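Below: the structure, in structure tokens.
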Amino acid sequence: MLAFIIRRLLQSVAVLLVMSLLVFIGVYAIGNPVDVLISPDADQIERAKVIVAFGLDKPLWLQYFIFLKNAVTGDMGRSFAYSTPALALILERMPATLELSSAAILLSIVLGLPLGLIAGLRPNGVIGKSIMAVSILGFSLPTFWVGLMLIMVFAVQLGWLPTSGRGETALLFGVPVSFLNWDGLKHLLMPAFNLALFNIALVIRLTRSGAQEALMQDYVKFARAKGLRNSRIIGVHVLKNILIPIVTVIALQFGSIIAFSIVTETVFAWPGMGKLIIDSIRVLDRPVIVAYLLLIVTIFILINLVVDLLYSVLDPRVRLAESKG
Amino acid sequence: MGLRVLQMVFCLALFAPILTPATAQEFKLAMSSPPTSMDPHFYNLFPNINVSDHIFEQMVAMDADSHIIPKLAESWKLVNNLTWEFKLRKGVKFHDGSEMTAEDVAWSLDRPATIVGSPGKFDTYTKAIINKKIIDPYTIQLTTKEPYPLLLADLTSIYIVSKKATQGISSDDFASGKGMLGTGPFKFVKFQRDDRVELERNNDYWGKKPAWSKVTLRFIPNDATRLAALLAGDVQAIENVPTPDLAKVRADKNLSFYSKVSHRVIYLYPDTRREKSPFVTDKDGKPLDKNPLMDVRVRRALSIAINRDAIRDRVMEGLSEPTVNLVPAALFGHNPSLKPPKYDPEAAKKLLADAGYPNGFGLTLHTPNNRYINDEKIAQTIAQMWSRIGVATKVEGAPMSVYAARGAKGEYSIGLLGWGAQTGEVSSPLRAMVACDNPAKGMGAVNWLKYCNQNMDTVLAKALTTVDDKERSNLLQQATAIVIDDGGVIPIHQQVTTWATKKGIVYIPRTDERTHAYGFYPQ
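So the protein sequences, as listed, match chains A and B.
Numbering follows the numbering used here, in which position 6 of the first sequence is assigned residue number 6; successive positions increment by one, without gaps.
In the numbering used here, each number is its position in the second sequence, counted from 1, plus 325.
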């Protein structure tokens, strides 16, 4: 197992290296940050000074080399626009994004599982059919549009929830979080639901098909024959067996929710990492773009590693040493 | 490092302080873009300046029409052609109660040049000053190398900070409130990056005190969300009303709408220099031997073939002012004799025929698509108008970051840009957009296609060292006329800036597009 982890970590370093090179070249190809960043009133001499100060006068390979050298020591460079270390800038916003993503995952479990079960148990009933119809909407409606509709209905028309922003935060171990007070929670609800929508639909579908399949199995029939209560059959036997794939998918989705919270954060003016990356791309704030993408890759790698490890714990048949790519 | 933070976030606890509820006289305002730093000398960027204006003040400032007015300096006079003497307002206190003196002014004029890591420093506006002399605590003399009429305009960009509070701290420190001691109408309370700035009224303010005891500046870049925040009552005012919703906002009885012609001109810059221009072709798309844009008749034809009124009415929802000037009427150097030409496609066709292009030619117009109000739509409209006179025009739009990178290398044949005259006079666009490229003198910084007209340059150079306002104004008007007659740039319109508030709140709209919480007050 240890050998597996070590090999995986080495592979991850290679992935990060390739990724950083691609991103670096990509950002370089877009253009010179100075053209967008610098204040229009600055003259050519000042521009030249800024270019030198940011190291943009050096050839690309040298810039990349310097970046790598610093990155090894944990220094991802300083943001051009904010002049704070890029990594610190991202980590400062990370709690907001993680909070939003966690809330979204929580919502998709709390809403998705029971709805999926109902739909699976009564596939031909009116309720089951309507749940499935609504879940199709969850897949197909664009997040952006749904977000704006939510704002129009719940904030503008009904006035129940605030339109945007993060609201009051409270410190938890030095990290600001929203869910510990009412105002923060109110601000969190809509963006979290917006972000969760796709995953709610996903969990509903997985649960439904899983449940339908499980209900045909012999062990369910046997349990029925033994005269077990229906609630026990569903709640214990069926649920336990269909949960494994759902857990896997949710864990993997967590990574993409973090990475793709961009749209929701933009619509709801949620001050997270997603909004930062959009702003940074707009002004070609290269250190932030590179650091952000590498961080996201790292998160994906870690999540995958944890999922693999969990597998081996849950199912003894999975052998990590054989890891077939 | 990422892991440790993850752990921290996932460790949950149960207790947290409960924050105090909102008070009366509270005003919430939504801005469209967040500042990158709280240090008023860090970065010459619009959102940063917008926030600094609430807390800090300059020696002289621009009023709502971009005219220079006294602020911390009560009066000034020219001792000789090179030396200016400023009398400071007495009894002005910083937010910590200490008095503002000439010492702080000298410090604040030195500081911009010392800032590190900034992509756009404010020393653009201080470098003309070669010597500062403190006469007494309320008098300071500034000397320039040559006669420099723009000194006052430049000083409107330099905020006066407390020497005591900002000595030895870095730009980063300001975000936590360190050094955030100004003399302005509001005191700094809190900055939550990308989300909000909280302020409270400075009750010892020397000038007119603002109507609000507490102000929150919210940053909501998404247009639709910002408007929704106003409709839902989360904020009482917003800047930059999205154009598609203008009609709705105007019709809404619960809202008030404000607008003003801005100092920002939207213009086209043609390639007048290269024999072979990359995006000028014949109608079949084959390159042309000679670049038609070098002919002034062609450039004039393109200008009169633009129906500027139609752009205002159809594309801009009425919110633009057609122009061929480089600054709006209220600003210094506006030339009233330059009137937008009558839209005349027939005359344009004739001009083209005279220049030897009776059948027109092919052209690609490049434009940013996320920078100015309706930028790409304007370009599309112009392309159609040009196609009507035989110039088959394609439009290529790109985000500003991509567009500017290629534009600065001179890769286009004709492009669309905007320029805001931050110094309040026409010398700003003339210097940057159309003066012959001269890096050593800082001329032609955004003159991407290297337009050059020696006549204009001579007049402009003279204007820039003429201290007498009347004479300088004449020279600047003359310089503008030369450029426009020559078709060096083709102005389309001045942008109009918009604001919307809840009914019952009044705003004094500004030419320089800035939004100040103290500019709003209850009816």
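In this text, a Cβ means the ideal position worked out from N, Cα and C, and glycines have one as well.
Treat the numbers as computed from the prediction; the structure is a model and nothing was measured.
CB contact check: residue i to chain A, cutoff 8 Å
i: ALA760(B); result: no
i: PRO444(B); result: yes
i: THR348(B); result: Model confidence at THR348(B) stands at a pLDDT of 44, short of 50, so the residue's coordinates are unreliable; what they give is reported in the following sentence. Not one chain A Cβ lies under 8 Å of THR348(B).
i: ILE545(B); result: yes
i: GLY767(B); result: yes
i: ASP497(B); result: yes
i: LEU801(B); result: no
i: ASP520(B); result: yes
i: ASN694(B); result: no
i: ARG286(B); result: Residue 286(B) falls outside the range modelled here, since chain B spans only 326 to 848, and no answer is possible.
i: ASN369(B); result: yes
Pair within 8 Å by beta-carbon distance, residue i and residue j
i: ALA196(A); j: THR361(B); result: no
i: THR468(B); j: LEU407(B); result: yes
i: ASP596(B); j: SER738(B); result: yes
i: ILE631(B); j: MET758(B); result: no
i: LEU202(A); j: SER20(A); result: no
i: VAL486(B); j: PHE381(B); result: yes
i: ILE131(A); j: ILE118(A); result: yes
i: ILE277(A); j: ILE289(A); result: yes
i: VAL385(B); j: THR491(B); result: no
i: ALA842(B); j: VAL540(B); result: yes
i: THR426(B); j: PRO437(B); result: no
i: GLY167(A); j: GLY147(A); result: no
i: ALA500(B); j: MET356(B); result: no
i: PHE352(B); j: TRP537(B); result: yes
i: SER752(B); j: GLY813(B); result: no
i: LEU37(A); j: VAL283(A); result: yes
i: ILE629(B); j: ALA672(B); result: yes
i: ALA104(A); j: ASN199(A); result: yes
i: ASP390(B); j: THR836(B); result: yes
i: ALA251(A); j: VAL307(A); result: yes
i: LEU741(B); j: LEU593(B); result: yes
Delimiting residues of the alpha helix (DSSP H) encompassing residue i
i: GLU265(A); result: 262 to 267
i: ILE105(A); result: 86 to 121
i: LYS573(B); result: 571 to 576
i: GLU46(A); result: 44 to 53
i: GLU428(B); result: 427 to 435
i: LEU68(A); result: 60 to 72
i: SER245(A); result: Reading off the sequence shown, one finds Pro at residue 245(A), where the question assumed Ser. 239 to 259 is the span of the alpha helix (DSSP H), which, as asked, contains PRO245(A).
i: MET758(B); result: Segment: none, MET758(B) is in no alpha helix (DSSP H) and carries neither H nor E.
Span of the beta strand (DSSP E), counted from its first residue to its last, around residue i
i: ILE591(B); result: 580 to 595
i: ARG414(B); result: Looking at the DSSP string, ARG414(B) is not in any beta strand (DSSP E), and its letter there is neither H nor E.
i: THR541(B); result: 539 to 544
i: GLY743(B); result: 739 to 745
i: LYS353(B); result: 351 to 356
Per DSSP, cross-strand counterpart(s) of residue i
i: LEU9(A); result: Bridge partners of LEU9(A): none, in fact.
i: PHE513(B); result: LEU524(B)
i: ASP461(B); result: THR464(B)
i: GLN383(B); result: TYR484(B)
i: PRO176(A); result: LEU171(A)
i: LEU403(B); result: TRP409(B)
i: THR469(B); result: ILE454(B)
i: TYR530(B); result: According to DSSP, which records beta bridges pairwise, TYR530(B) is partnered with nothing at all.
i: MET216(A); result: In DSSP, MET216(A) forms no bridge with anything.
i: GLU564(B); result: TRP824(B)
i: ALA398(B); result: LEU413(B)
i: PRO847(B); result: ILE830(B)
Short CB-CB distance (under 8 Å) between residue i and chain B
i: LYS275(A); result: yes
i: LEU37(A); result: yes
i: VAL267(A); result: yes
i: ALA251(A); result: no
i: MET190(A); result: no
CB contact below 8 Å: residue i versus chain C
i: VAL727(B); result: Here chain C cannot be found, since the structure's protein chains are A and B.
Entirely within the region 770 to 839 of chain B and at least 4 residues each: give me those alpha helix (DSSP H) ranges in chain order.
779 to 788, 794 to 811
Which residue spans inside the region 645 to 733 of chain B form an unbroken beta strand (DSSP E) run of at least 3?
645 to 647, 687 to 693, 717 to 723
Going residue by residue through the region 125 to 172 of chain A, where are the continuous beta strand (DSSP E) segments of at least 3 residues, counting only ones entirely within it?
170 to 172
Which runs of the beta strand (DSSP E) at least 3 residues long sit entirely within the region 600 to 639 of chain B? Give them in chain order.
none
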